[in-house]
Amino acid sequence: MPEHDKEKRPFEVVGASVPNVDAIDKVTGRAKYGADHDRKGQLYGCVKYSEHPHARILSIDTAQAEALSGVRAVLTHKDIPGEKSFGTVVPHQMVLCADKVLYFGDAVAVVAADTEEIASRAVELIAVKYEPLPVVTDPVEALHQDSPLIHPGGNLCIHHKIRKGDIESGFSRSSIILEREYTTQRVEHAYLEPEAVLVEPGENGGVTVTGSVQNLYSIRRALARVLHLPLSRVRIRQATLGGSFGGKDEVMSALCCRAALLSLASGRPVKMVNTRENSMRESYKRHPYRMRYKVGAGSDGLLKAMEITIHADAGAYAAMSPFVTWRSTVQATGPYVVPHVKTDVYAVYTNNCYASAMRGFGSPQVCFASESLMDELAEKLGMDPLEIRLKNALRDGSETATGQKLEHKVSVEEALLNVTQKADFKEKRAVNRKHNEDSLIKRGIGISCSYRGISLGAEGADAAGVVVSLQTDGSMIVSSGLVDMGQGAATTISMVVAEELGVTIDRIRFLNADTSRLPDSGPTVASRTSFMAGNAARRGCQEILERIRPVAAEVLDCPESLLVFTDNSVSCSSQGKTLHFHELASLCFERGVSLYAHGWYKAPDTSWDEATGQGDAFFTFVYGANLAEVEVDTLTGKVRVVGFVSSHDVGRVLNLNGARGQVFGGVAMGLGYALFEEYSEQNGRPSLKNFDEYLLPTVFDVPKTDIIFIENPDRLGPYGAKSLGEPACEIAAPAIVNATCAALGERIRNLPLTLERVRLGRTLSRTEKRGSEKAQT
Amino acid sequence: MTARPAIVPTTLKEALGAIARRNVVAVAGGTDLMVRLHDTSESKRSSLLILEGVKPLRKIVLKGAGIDLGPLVTFSEIETSSILTRFAPQLVEAASVAGSTQIRNRATVGGNIANGSPAGDLIPPLYVLSAKLELSSSRGKRRVSIEDFFTGPGETVLKGNELITSVVLERSAGEGFFLRLAARKALAISKVSVAANVSLRKRRVRSIKIALGAVAPTVLRALRTEEYLLDKQLDEDCIRSACDIAKGEARPIDDIRSEADYRREMVGVLLRRGLSRIALSRKHA
Amino acid sequence: MKLKFRLNGKDTTVDVAGTERLIDLLRERLYLVGTKEGCGKGECGACTVLLDGSPVCSCLMFSSQVAGKEVTTIEGLSEGDVLHPVQEAFTETGAVQCGFCTPGLVLSSVALLKENPGPSRDEIRRALSGNLCRCTGYEKVFEAVELAAKRMKRRRGRRR
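What follows is the structure in structure tokens.
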């Protein structure tokens, strides 16, 4: 059946609300996460972390550790058979440090022992001598001539730019020019499941890894490189993942490499499970950004020019910084038409915890800046925040900051109107103004909007596959190199298969990813899974249909075009004859017809000119708007989010439960970003260690949230679907901040909005504990 | 896995005998202790005295004009106690907002006191309810007023061979409150807390006790504020002045949780809210 | 010491030191890995089990503290293939995403509904105040608890 026919029919499964396919396993405790796996004879691994944020390693003495009873292996960089470092963009991230330690979470040695306790004790017995080096903590200062170097090539990790139009001419034509600086803080993914891995030596000389992995193939590449093994002998199996949000990539490569080294050295399986403290110490964070914006506009509010300079603190290693900051470069202006743009984004090395992918991937920071800036501009011009956005919003056929013409339905305006109408934006603003005149609890309402390119864009090759394997009893096995980390990919892909083949979801089993069975489908990032795996799944199903249709047609004595696949059976629409799906499957098998297909989908190419920052950066975009209502206790500084509206153009909703879940979860994460969370470091040393001090939103903090999905089907997406996971998160914080500033009547330009910052206008000047360890705690 | 030895008595006598030995650490609910063990590498050689099974340590009874609490009474038990709801509402309020459901089901009043944190939520109410602690050892007992019990952050006069065996409170004087400010509504240690115990006669303050938490090395009584308020009518001017005095009595510091300036301001905000609430309720009474 | 307690409805005796953590006893000795460790400090609630019907953090308890008491883990909730109404409701409303916090949330919800069969949204929040979730934003969890409450009420009505 030609592809486009499907688009015209109403969907049987796609778009519905169904229970997650793995929900029962999770709700009964049957699902096995990384730390739930065990092997007979396993050892426990423990890491010796650096004691300094920047230091030369003078000596590592492992003698006492090795002598401890129950210790089976103690390894340093000297014991690495292959390369000592890995990294997708810049392969310089050290598995075990050799000459220097570059951040407080760097590893210097690892131990495998019979019990966790013995392994910890052995780690304490490893004596490392350091020569401390000056600690670099500020990305702007790190670029100065005389700054200490973190990596030999210099402290600049990457520089992206946009040069569009003529910036000076833009400003000269502006009747108003604003210059503002915004900063965002370092935050932690805080997935509930700490990193966990179990590595065992393979029978064939390789290794098998089972653990909490998000991007299996990047991890496999790192392992092959470090262990000096061919890719074919490194097997990575995904355990059920307890959340990731972009966070279980490089940190898992490091953990897997260490466990694998121990496993091969000892000949035994090695289990390594991070405590929350080690997870927070070692794992990468979201980049703190310092953003300087200069905007020029006409007195009518029309934007003429934007000059943007951003410094991103990449921390000790490059990891995904080059790509994170690239996305920021594309999105920094916000979803607006700006004829003249000059953008410079610098990712800079420091001795802080390294930063890499986290849900949003460089967008939450710039959305905070651009959306705050638009409100500030509106206020100066006497316009309201909706007015100025509608005036400048991208529309069908608009050109983006990278010079890309948007040739599809652009719904920035639709999203803005949805949220402002739902919440009576204009009326509320007026009511709040009156209320706030004589009230200590002030009310505010604020909006934000964004555009976001989906999938990898110019980051690299963008292709993915889904295996569809029909069994002779009519049940199906479906799997992909793309991973379900809780976002519902397993369910969404199963729904697509159910829709395509007319089977019920209970017949489908979606497997966790395994590199030995599936080709590299790229990383599970960029909210690309529904789009890429959805398309791949459709192709796989269509391949199978092409093979089984002739058999059904023959058996039912029915022309192929009249076959209807639905409800686990195939029937002929012209007469009553029906064949159960499992009967058809058996028959096909008996006739030697292949019931296995690997659907592969490659996304359209994109383009990018590094010198000018111009090009078709992404093959399609999504649009969204958020609205927040807050109450601010002006005496204590407490901000309560009392209402929220979220509207996103997702192309087509595939998995309704999953989609709503992404929005609720994304709003909560944005709320934490806006109000609570900060992973602060003093001179390269973290000021906090666990969830008692790193505060996540609880049940008390989340607002009632209305969701309005927009469906402008994309011509390339599966059933028109595009993307949601990250859009759902990236503009929640800006809406909350705009609402708070509206309530206060003053602007706050630094996140997070803690009680102290709202009340006093600044945040903790000192985060060390004074006096004794227990001083006033 | 080598674990510490456990001592599991079923009678108070056994427990007192055990705590008299060397290197024995008493465990009430265990919530604070377990966190301490998690955060530090305390000597694995000390034994843990598990008080769980010593039933006489868990009681809530009226005793004369006061209330006798066993040290093992949990926050949840305080929250749902009809005796305490009636006669010690400040304590009940503090118990109901601390921690989380799970923490309240295990954390105990004795543990909260022995832990000695100036941010411990039950302590300011215990101050204003004039709590007296019975400290027992195998050699006998002694009585210590709660205000004499703490000597610094996490430091108390409890000897190594002693257990807290009873917490005796006075009944609430008639009016009072417990208010706290934290970064979050649940699972967040207080930045500032204020408790008060007030009796009014014809809207004049006849007696008053105010305690401030998390703004000094130990919980402190706001004595000058109390002195000022005695015999006064709780009107807006009086409350404002009282708050200024209280802010001056606080000695807060900067730490991971908050700043000194902010804490000092909040002492005034919380005290004002609490006293205004009392004044308002009396106006309509 | 011999620890005697009731685990998921069965009388259980285990040789223990008495000072190992309850979560380690459950996961490492008794192979009940449904109870999860998220932080080790009682801040996230992923390790929640029911002690005599009340939710507690098993990472903050010593094994000897459960002597003579009843412990319920997530594995003890369903009867064979028959899910507890709370489990059922969680799966239907989409309250399960990555699922790591789910066992703790389910048990806290079960305890709430036993004590308060018709809780308000605020009462639900209070009961779940010690369970962190990073995926769901909690909204669907509230829906699940409300759905379970409604169904359990109906079933009680039918039984009369």
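Chains as they are written, first to last, in our numbering: chain A, 4 to 780; chain B, 14 to 298; chain C, 16 to 175. Glycine included, each C-beta is placed from N, C-alpha and C at the ideal position.
Close beta carbons around residue i, own chain, < 7 Å, minus the five adjacent residues each side
i	result
E160(B)	Y140 and R234
A738(A)	G449, I450, S451, N629, L630 and A631
V93(A)	A321
T820(A)	The requested residue 820(A) is not part of the displayed model; chain A covers only 4 to 780.
T328(A)	I161, H163, A315, V348, A350 and G365
R223(A)	L234, V237, I239 and T518
Separation of residue j from residue i, as counted between CA atoms
i	j	result
P233(A)	N207(A)	12 Å
G463(A)	A620(A)	11 Å
E416(A)	M377(A)	15 Å
G173(B)	F647(A)	54 Å
G774(A)	F513(A)	The predicted model places G774(A) with a pLDDT of 29, which falls under 50 and marks its position as unreliable, so this point remains unresolved.
K87(A)	E134(A)	21 Å
I83(A)	P272(A)	18 Å
L182(B)	K84(C)	30 Å
G301(A)	S178(A)	5 Å
R237(B)	E262(B)	8 Å
V228(B)	R762(A)	18 Å
A16(B)	L46(B)	15 Å
S610(A)	D134(B)	59 Å
E182(A)	E390(A)	21 Å
G602(A)	A199(A)	31 Å
Simplified DSSP state of residue i, which is helix, strand or coil
i	result
V567(A)	strand
Y349(A)	strand
E86(A)	coil
R276(B)	helix
G460(A)	helix
T558(A)	Checking the sequence shown, residue 558(A) turns out to be Val, not Thr. V558(A) falls in the helix class under three-state DSSP.
P135(A)	strand
S109(B)	helix
T87(B)	strand
T31(A)	helix
P102(B)	helix
H411(A)	coil
D39(C)	helix
Sequence-distant residues of the same chain with beta carbon closer than 6 Å to residue i, five excluded per side
i	result
G337(A)	S373
A335(A)	I311, T346 and V369
S62(A)	K132
V48(C)	R42
H231(A)	P84 and G85
K11(A)	Only weak support is given to the placement of K11(A): the predicted model assigns it a pLDDT of 46, under 50, and the question is left unresolved by the model.
Below-7 Å beta-carbon distance, residue i vs any chain E residue
i	result
R197(B)	Chain labels in this structure do not include chain E; the protein chains are A, B and C.
Spatial neighbours of residue i in its chain, beta-carbon cut-off 8 Å, leaving aside the 5 residues before and after
i	result
A273(B)	P265, I266 and D267
N435(A)	K445, R446, G447, I448, A745 and A746
S93(C)	H99 and Q102
Runs of beta strand (DSSP E) lying entirely within the region 83-124 of chain C, each at least 3 residues, in chain order: 85-87
Mind listing, in chain order, the continuous beta strand (DSSP E) runs of no fewer than 3 residues lying wholly within the region 464-515 of chain A? 466-473, 479-483 and 511-513
Which residues, taken in chain order from the region 463-491 of chain A, show a beta carbon closer than 8 Å to some beta carbon of chain C? M488, G489, Q490 and G491
Kindly provide the ranges of any beta strand (DSSP E) runs that are 3 or more residues long and lie completely inside the region 309-353 of chain A, ordered along the chain. 343-352
Against chain C: residues of the region 695-727 of chain A by CB proximity under 7 Å: Cβ contacts with chain C come from D695, L699, T701, V702, F703, V705 and T708.
Kindly provide the ranges of any beta strand (DSSP E) runs that are 3 or more residues long and lie completely inside the region 144-172 of chain C, ordered along the chain. DSSP runs (the beta strand (DSSP E)) wholly in the region 144-172 of chain C: none.
Within 9 Å of chain C by C-beta, residues of the region 279-298 of chain A in sequence order: R279 and E280
Using a beta-carbon distance cut-off of less than 7 Å, what residues from the region 673-692 of chain A approach chain B? F679, S690 and L691
Can you give me, in chain order, the residues of the region 51-84 of chain C that have a beta carbon less than 9 Å from any beta carbon in chain A? K51, E52, G53, C54, G55, K56, G57, E58, C59 and A61
Going along the chain, which unbroken runs of the alpha helix (DSSP H) with 4 or more residues stay wholly within the region 238-308 of chain A? 253-269 and 279-285
Uninterrupted alpha helix (DSSP H) stretches inside the region 649-697 of chain A (no shorter than 4 residues): 659-678
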